[in-house]
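Just so we're aligned, residue -3 is where the sequence shown starts under the numbering used here, counting upward by one.
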Amino acid sequence: RNDADAAAPFMQRLIEDFPTSVHAGAARQYLGLPSVPSAEDLAAQEFERLETIRLQRPEHVEEWLLANASRNAETVVFPSQGCKEDLCEQFFVHPEHIRVIPNPLDIEAIIRQSKENPSLDLPKRTTMFVQVGRFQQEKNHRLLIEACQLLRRQEEDFVVICLGDGPLRAGIQALVDEYGLSEHVLLPGAVANPYPFMAAARAAILTSDFESFALVLVEAMACGAVPVSVDCPVGPREVLNGGDYGMLTP
-3 RNDADAAAPF
7 MQRLIEDFPT
17 SVHAGAARQY
27 LGLPSVPSAE
37 DLAAQEFERL
47 ETIRLQRPEH
57 VEEWLLANAS
67 RNAETVVFPS
77 QGCKEDLCEQ
87 FFVHPEHIRV
97 IPNPLDIEAI
107 IRQSKENPSL
117 DLPKRTTMFV
127 QVGRFQQEKN
137 HRLLIEACQL
147 LRRQEEDFVV
157 ICLGDGPLRA
167 GIQALVDEYG
177 LSEHVLLPGA
187 VANPYPFMAA
197 ARAAILTSDF
207 ESFALVLVEA
217 MACGAVPVSV
227 DCPVGPREVL
237 NGGDYGMLTP
């Protein structure tokens, strides 16, 4: 009972974060129905210890359940080839059971929305960059702020607009203030339509620790912004075709 009580919060989080995989796995195991779990936010860093997971280690319950759901599924859908390779290597799922389906986008709608007026006044700087993403650990906004600090030593006429919200936003704002970058890095929060900002930007920046697909880079290209991304696992390299469609940096 103690193990079950300890595991309950993690199982609840799994159901909330990965409802498709959990429900599909349950449907197959208990009802005998075909299942197609879909995983959109997975990368190797999250599952390095999958083969050592046991139920007596409740902090790993969600990974254990997801691994078993993937193994038992008839088909597992991932948005990138890198995610597929991770699943094969980490979970020993046969590649024939995995389908890679990139995240779809309505490019015409994005272009149309990019021509609308931005919801905020754009800063009057010669060079504008944009970053779009939730303020959470894996997005690594700190790296972006540190890069801006280095850039300011060589160039003053630039601004980076970071669109999004999240639990780490206040901390990143404090870092911006600490570095004296308040005129160069703006954190206006989330906006309903980020595409006019992308269209007005010289480049869209991504500094994540990992991305399963990096949809924002495709959106940036549709808006005419140059995508500039760290070469993190696994999405950016695939989306940018190894750097053919944008800039990859270590």
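Heads up, the beta-carbon is just placed ideally off N, CA and C, and yes, glycines get one too.
- Here DSSP, grouped into helix, strand and coil, assigns Gln132 to coil.
- Each of Gly176, Gly242, Thr203 was checked against the Cα of Val128, and the nearest Cα belongs to Thr203.
- Rounded to whole angstroms, the separation of the alpha carbons of Ser208 and Phe125 is 23 Å.
- Pairing Arg138 with Leu171 gives a Cβ-Cβ distance under 8 Å.
- Taking 8 Å as the cut-off, the Cβ atoms of Val222 and Met243 count as close.
- Our two residues, Ala166 and Lys135, have alpha carbons roughly 15 Å apart in a direct line.
- Under the DSSP definition of a beta bridge, Met124 partners with Val155.
- Contact between Pro163 and Gln132 holds, since their C-beta atoms are separated by about 6 Å, short of 8 Å.
- Counted as a single uninterrupted DSSP element, the beta strand (DSSP E) harbouring Arg95 occupies residues 94 to 96.
- For Leu116, no beta strand (DSSP E) run applies, since DSSP gives it neither H nor E.
- Rounded to the nearest angstrom, the gap between the Cα atoms of Ala195 and Cys219 is 5 Å.
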